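Colleague:
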Amino acid sequence: MVNINGYKTEEGQMNNPFNPSFGMQPTVLLDREQTLETLVGDIKAMNTPYRTTLVYGVRGVGKTVFMNAVGNRLAEDPHWLAIHLIIGDNMVSRLTELLYQQATSKVQKLFNGIAGVDINIAGVGVKFDLSNGQTSNYQYLLMQMLQILKREGQHVLVMIDEAQDTPGMVELASVYQVMISQGLPISIIMTGLPKNVQELQNNHVLTFLLRSGRVDLSPLNYFDIRAQYQRELSKRDPQIAPATVRRIALLADGYAYAFQLLGFLLWRAPDEHITEQTVDEVLPEYQAQLSRNAYSKMLEELSTVDQQFVIAMAKAPDYPVSTTYLGRVLDKKPGYIGVYRRRLIDSQIIATAGFGQVKFALPLFKEFLLQDGQYLVGL
1 MVNINGYKTE EGQMNNPFNP SFGMQPTVLL DREQTLETLV GDIKAMNTPY RTTLVYGVRG
61 VGKTVFMNAV GNRLAEDPHW LAIHLIIGDN MVSRLTELLY QQATSKVQKL FNGIAGVDIN
121 IAGVGVKFDL SNGQTSNYQY LLMQMLQILK REGQHVLVMI DEAQDTPGMV ELASVYQVMI
181 SQGLPISIIM TGLPKNVQEL QNNHVLTFLL RSGRVDLSPL NYFDIRAQYQ RELSKRDPQI
241 APATVRRIAL LADGYAYAFQ LLGFLLWRAP DEHITEQTVD EVLPEYQAQL SRNAYSKMLE
301 ELSTVDQQFV IAMAKAPDYP VSTTYLGRVL DKKPGYIGVY RRRLIDSQII ATAGFGQVKF
361 ALPLFKEFLL QDGQYLVGL
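Going by UniProt numbering, 179 is the number at position 179 of the sequence shown; the sequence numbering is gapless.
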């Protein structure tokens, strides 16, 4: 067993520190500490919009990792419980069970004393006997449990990955609004894809979630990416050239998934040294995985007009692309172009590039559209 810069294996080889798997906590994380600390403070304050928080962004931007970091940070405080709640049916009853399971033994005893409730632990679950007529539903039980937590000076953070318009989510949202109005110690943090957030806007029960505090995870800083690549890839190849590191950082282009994916591919490359040629050799696989694992789904979830907009951008003779050109090609007036320009900026697909110009916000997205995307959507 060896320990080289913190990476241990039985064979004496360094583990790959990069992990492009969606939703998994990678070994190498780029710093969002300031955003994290600010949000944790706002959630603890309880009287800010961030008591209900939506972490928003495209696939692979790091929403789940960031949400987990918030939960882990709050869980370090003995006055907070962080509970992961999976989207599905019966979310209120599941939350009630998880709250019981994660409470301290002292608080569990207090829960056991709730009038009209017989709590039996069987296997890995918790069964609540609500059959004696005094307790009609899990909403009542959950609110009684939160009253106990309030007296004990404890708070609950509910963590929901990829919030969607489902019956279970509607049920939870309805109960949550009541709990908030009664001053109970509960907060929610959710992640959301642009498509799902648009669907939430169409459900009158869920629209209050969209008035919550919103965290848009901005692109990763180029200089942070370059420094992290230099630090980690130098462990794999101490002779890696600064110019090669700069090129690698530019290829990641601020996209969290791309940062992990490209680092992963370069680390496992068969070459002894990571050179410009090594980068050239992994580029086809890098582009293929970006397209397959992220971009094809992003494009599919755009509206037809959004698809036409980005494909027109990809085919433009000049880059960045002027909105005047897009209006001419799409035969639309400036106001119409402006609406879809804003939609795509909010969806983190494109970004402004100076007055009247736009560019793609994702690495090699233009190449994806020209090579595969336009054919996938039949445009």
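Note that CB positions come from ideal geometry on N, CA and C, so glycine has one too. Note that the structure is a prediction, hence the values are computed from the model and not measured.
How big is the Cα-Cα spacing for GLY192 and LEU326?
Modeller: 29 Å
Colleague: Tell me where the beta strand (DSSP E) around ARG214 begins and ends.
Modeller: 213-216
Colleague: Give the list of continuous alpha helix (DSSP H) stretches no shorter than 4 residues that lie fully inside the region 289-369.
Modeller: 296-301, 304-315, 323-330, 334-346, 365-368
Colleague: Have a look at the DSSP bridge pairing and note the partners of TYR56.
Modeller: GLY192, ASP216
Colleague: Which residues mark the beginning and the end of the beta strand (DSSP E) in which ALA82 is found?
Modeller: DSSP places ALA82 inside the beta strand (DSSP E), whose first and last residues are 80-84.
Colleague: Anyone know if the C-beta pair for LEU157 and ALA82 falls short of 8 Å?
Modeller: Cβ distance < 8 Å, so LEU157 and ALA82 count as in contact.
Colleague: Using the three-state DSSP reduction, which class does SER136 fall into: helix, strand or coil?
Modeller: Any reading at SER136 must be qualified, since the residue scores a pLDDT of 49, below 50, and its modelled position is unreliable; the value itself is stated next. In this structure, SER136 counts as coil in the three-state DSSP scheme.
Colleague: Buried or exposed, going by whether 16 or more other CB atoms sit within 10 Å of the CB of LYS63?
Modeller: LYS63 is buried by the Cβ-count criterion.
Colleague: Quick check on DSSP: helix, strand or coil for residue 391?
Modeller: Residue numbering for the chain in the displayed model covers 1 to 379; residue 391 lies beyond these limits and cannot be assessed.
Colleague: Tell me the DSSP secondary structure of SER105 in three-state form.
Modeller: helix
Colleague: Find the nearest neighbour of GLN228 within the set VAL205, LEU209, GLY254, judged by alpha-carbon distance.
Modeller: GLY254
Colleague: If contact is defined by three or more beta carbon pairs under 8 Å, each pair taking one atom from either stretch, is the region 223-242 in contact with the region 191-209?
Modeller: no
Colleague: Within 10 Å of its beta-carbon, does SER105 have 16 or more other beta-carbons around it, so buried, or fewer, so exposed?
Modeller: Exposed is the call here.
Colleague: Between LEU364, PRO320, ILE337, GLY378, which lies nearest to GLN357 when the distance is taken from Cα to Cα?
Modeller: Of LEU364, PRO320, ILE337, GLY378, the residue nearest in Cα terms is PRO320.
Colleague: When the Cα atoms are used, what is the spatial distance from PHE18 to LEU95?
Modeller: 33 Å
Colleague: Cβ atoms of LEU217 and PHE66: under 8 Å apart, would you say?
Modeller: yes
Colleague: Are the beta-carbon atoms of ARG51 and SER187 separated by less than 8 Å?
Modeller: In this structure, SER187 lies closer than 8 Å to ARG51 by Cβ.
Colleague: For ALA256 and PRO238, I'd like the C-alpha separation in whole angstroms.
Modeller: 24 Å
Colleague: For the alpha helix (DSSP H) holding VAL178, just list the boundary residues, first then last.
Modeller: Residues 167-181.
Colleague: Does the beta-carbon of GLN144 have 16 or more other beta-carbons within 10 angstroms, so that it is buried, or is it exposed?
Modeller: buried
Colleague: Could you give the uninterrupted runs of the alpha helix (DSSP H) lying entirely in the region 207-280, keeping only those of 4 residues or more?
Modeller: Listed in chain order, they are 222-236, 242-252, 256-267.
Colleague: According to the neighbour-count rule (16 or more other Cβ atoms, all chains shown, within 10 Å of its Cβ), is GLU76 buried or exposed?
Modeller: exposed
Colleague: Would you check if the region 286-295 and the region 325-344 touch, i.e. whether three or more CB-CB distances between them fall below 8 Å?
Modeller: No, the region 325-344 does not touch the region 286-295.
Colleague: Is the distance from the Cβ of LYS206 to the Cβ of ASP161 below 8 Å?
Modeller: The sequence given here places Leu at residue 206; Lys does not occur at that position. No; because the gap between Cβ atoms is not below 8 Å, this pair is not in contact.
Colleague: Using a Cβ-Cβ cutoff of less than 8 Å, which residues in the same chain neighbour ILE274 once the five nearest sequence positions on both sides are dropped?
Modeller: Scanning its chain for C-beta atoms nearer than 8 Å, with the 5 sequence neighbours on each side dropped, one finds around ILE274 the residues LEU233, ARG236, ASP237, ILE240, THR244, LEU266, in chain order.
Colleague: Use the C-beta contact count for LYS315: other C-beta atoms within 10 angstroms, 16 or more gives buried, fewer gives exposed.
Modeller: Exposed, since its Cβ has fewer than 16 Cβ neighbours within 10 Å.
Colleague: Have a look at TYR56 and THR304 and give me their C-alpha separation to the nearest angstrom.
Modeller: 22 Å
Colleague: Can you tell me whether ILE148 is helix, strand or coil according to DSSP?
Modeller: helix
Colleague: LEU250 to ALA258, Cα distance in whole Å?
Modeller: Counting only the Cα atoms, ALA258 lies some 11 Å from LEU250.
Colleague: Could you tell me the alpha carbon to alpha carbon distance between LEU290 and ARG342, rounded to whole angstroms?
Modeller: LEU290 and ARG342: Cα-Cα distance of roughly 24 Å.
Colleague: Give the single residue among LYS44, SER181, PRO185 whose Cα lies nearest to the Cα of PHE208.
Modeller: SER181
Colleague: So, are the CB atoms of GLU367 and GLN287 less than 8 Å apart?
Modeller: yes
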